[in-house]
Amino acid sequence: MFWGGDIHSFWTTDLHADAGNPDSAVVATEFVGTSVTSGGPPFEAFNSILGLNPHVKFFDSRQRGYVAVDVSEQQMLTRFQVVSDVLDPAASVSTLKRFAVEAGKAGAVPV
């Protein structure tokens with residue numbers, strides 16, 4: 002399991018034993034969190050090439066927020082949380098996407 006940031010967007014990516022072979026075994030998952038206030042990379046440009054990257058399970062640079070993680074003996078649940086308005090201190094928070102990684106099993110599963 003890897004967590005990253007500093008690209009101002011949400012990502013979920015399964016890492017393969019052979020990065021050039023999407024049929025190779027998944028060995029880990031990387032979750033990347035966006036920024037709370039800074040804008041992200043151009044969504045359309047990145048989204049247009051995601052089909053060339055089958056290891057990417059999810060991408061969104063249009064919303065701001067953070068990552069919340071719940072860990073149990075059975076799984077790790079990752080939630081991409083987004084704020085409705087970064088300029089409003091009373092902004093609401095909602096879940097954009099959730100992924101689970103089961104204990105002893107590599108790979109993220111949307112839930």
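Taken in order, the sequence shown gives residues 2 to 112; the numbers are from the working numbering. Glycine included, each C-beta is placed from N, C-alpha and C at the ideal position. The structure presented is a predicted model; accordingly, all values stated were derived computationally and were not measured.
Distance, residue j Cα to residue i Cα
i, j, result
"Ala69", "Ser49", "27 angstroms"
"Ser39", "Phe32", "18 angstroms"
"Lys98", "Val112", "8 angstroms"
"Ala18", "Val87", "38 angstroms"
Assigned exposure category for residue i - 16 Cβ within 10 Å defines buried
i, result
"Phe60", "buried"
"Thr96", "exposed"
"Gly66", "buried"
7 angstroms Cβ cutoff met for residue i and residue j
i, j, result
"Pro42", "Ser25", "no"
"Ala91", "Val84", "no"
"Phe11", "Thr35", "yes"
"Ala101", "Gln82", "no"
"Val28", "Gly108", "no"
"His56", "Thr14", "yes"
Simplified DSSP assignment, three categories, for residue i
i, result
"Gly1", "Past the edges of the chain, shown from 2 to 112, lies residue 1, and the structure says nothing about it."
"Glu74", "coil"
"Ala109", "coil"
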